[in-house]
Amino acid sequence: MNNKPQLRTVNVTRYITPLREGGSLPALAEADDDFNYVLKFKGAGHGTKALIAELLGGEIARALGLPVPELVFANLDEAFGRTEADEEIQDLLQGSQGLNLALHYLSGAINFDPVVTVVDAIMASKIVWLDAFITNVDRTFRNTNMLIWRKDLWLIDHGASLYFHHSFSDPEGHAKSPFALIKDHVLLPQASLIETIDTEFKVLLTEEKIRSIVALLPDEWLQWEELELSPDEIREVYTKFFLTRLANSGIFIKQANDARQALI
């Protein structure tokens with residue numbers, strides 16, 4: 525049985541509406557499989573690196589058994605968007621020709637509200653561990669990046685993870701960093717079982733699993749003018765980052781537990 529992660533590729537057929545203001549301007553779009561998707565554009569502010577973080581963060585979460593909407597590669601044809609009246613959106617669409625990334629749209633979902641929904645210690649610890657591992661700065665009270673859909677919790681928006689790759693300097697040093705920003709995590713007060721979860725997740729995140737997730741990154745997203753590295757060499761940097769961080773998980777676990785003690 526082949527358990528390697530795979531992403532479907534869809535063709536975007538209709539731009540429906542921008543989803544919110546902000547640098548990335550994600551959009552609700554329809555694809556040729558008749559499903560709606562939240563479309564993330566490679567032509568937006570952080571370019572393909574935001575898509576890389578979205579894909580790697582989302583698929584690592586899925587490998588750990590956490591609920592994430594299906595991710596797909598979303599192809600934008602060169603003719604797409606020419607009739608768009610908004611010049612900013614037209615520029616975004618024209619600058620995003622080729623492969624983008626999209627999440628299955630959870631119709632009717634509502635934003636997670638920590639005041640309304642209580643997350644148990646096991647799930648909270650899993651999500652805090654994930655975000656400390658992938659250095660996700662964006663799961664705070666201000667912006668929880670979680671949805672409630674059909675009474676279940678879903679994780680979205682991992683594009684702000686792996687911030688080391690914006691400079692790509694000293695990835696090993698970043699891999700061994702404690703990630704101080706975990707102190708702002710919306711679920712940190714409930715995350716009392718991080719050490720237990722660490723043992724469980726290290727069994728799931730084998731080197732083979734990590735390599736198979738990183739292998740999903742298309743060459744098209746790894747053509748970086750600022751680096752003289754091939755796509756395969758860039759993939760290897762990501763792989764080594766994850767493996768090093770996993771081997772040194774005690775560093776970010778201690779940081780999370782210390783920050784939690786300061787809160788409670």
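Just so we're aligned: 649 in our numbering is position 125 of the sequence shown, and the numbers increase by one with no gaps anywhere.
C-beta: ideal position from N, C-alpha, C; glycine also.
Quantities reported herein were computed from a predicted structural model and do not represent experimental measurements.
Open item on the list: Using 7 Å as the threshold, is the C-beta distance between lysine 726 and alanine 587 below it?
Closed with: Numbered from 1 along the sequence shown, position 202 holds the residue referred to as residue 726. Numbered from 1 along the sequence shown, position 63 holds the residue referred to as residue 587. No, the pair does not count as a contact, with Cβ atoms beyond the cut-off.
Open item on the list: Taking 6 Å as the limit between beta carbons, can you name the residues of its chain near isoleucine 721, skipping five residues before and five after?
Closed with: As a first step, residue 721 is located in the sequence shown; it is residue number 197 there, counting from the start. Only Ser649, Lys650, Trp653 meet the Cβ criterion.
TODO: Kindly say whether asparagine 535, judged by its beta-carbon, lies nearer than 7 Å to any beta-carbon of chain B.
DONE: Looking for chain B here will not work: only one protein chain is present.
Open item on the list: Based on DSSP bridge pairs, tell me the residues matched to proline 542.
Closed with: Within the sequence shown, numbered from 1, the residue matching residue 542 stands at position 18. Per DSSP, Ala551.
Open item on the list: With three or more beta-carbon pairs closer than 8 Å as the criterion, would you say the region 596-616 touches the region 561-571?
Closed with: yes
TODO: Compare the C-alpha of glutamate 602 against each of Gln747, Gly622, Leu531 and name the closest.
DONE: For the purposes of this step, residue 602 is taken as the residue at position 78 of the sequence shown. Here the closest residue by C-alpha is Gly622.
Open item on the list: Let's see if you can read the secondary structure: which residues bound the beta strand (DSSP E) around valine 738?
Closed with: Along the sequence shown, read from residue 1 onward, the residue named residue 738 stands at position 214. Note, valine 738: premise wrong, no beta strand (DSSP E); alpha helix (DSSP H) at 731-738.
TODO: Could you check what DSSP says for leucine 751 in three-state terms: helix, strand or coil?
DONE: The residue labelled residue 751 in the question sits at position 227 within the sequence shown. Note: leucine 751 maps to coil in three-state DSSP.
- [ ] Could you round the C-beta distance between alanine 783 and isoleucine 706 to whole angstroms and report it? I think they count as a contact, below 8 Å.
- [x] Here residue 783 refers to the residue found at position 259 when the sequence shown is read from its first residue. Here residue 706 refers to the residue found at position 182 when the sequence shown is read from its first residue. Going by Cβ atoms, the distance from alanine 783 to isoleucine 706 rounds to 6 Å, so yes, they are a contact pair.
- [ ] State yes or no: is the C-beta of valine 536 within less than 7 Å of the C-beta of leucine 627?
- [x] On the sequence shown, position 12 is the one that residue 536 refers to. On the sequence shown, position 103 is the one that residue 627 refers to. Cβ distance not < 7 Å, so valine 536 and leucine 627 don't count as in contact.
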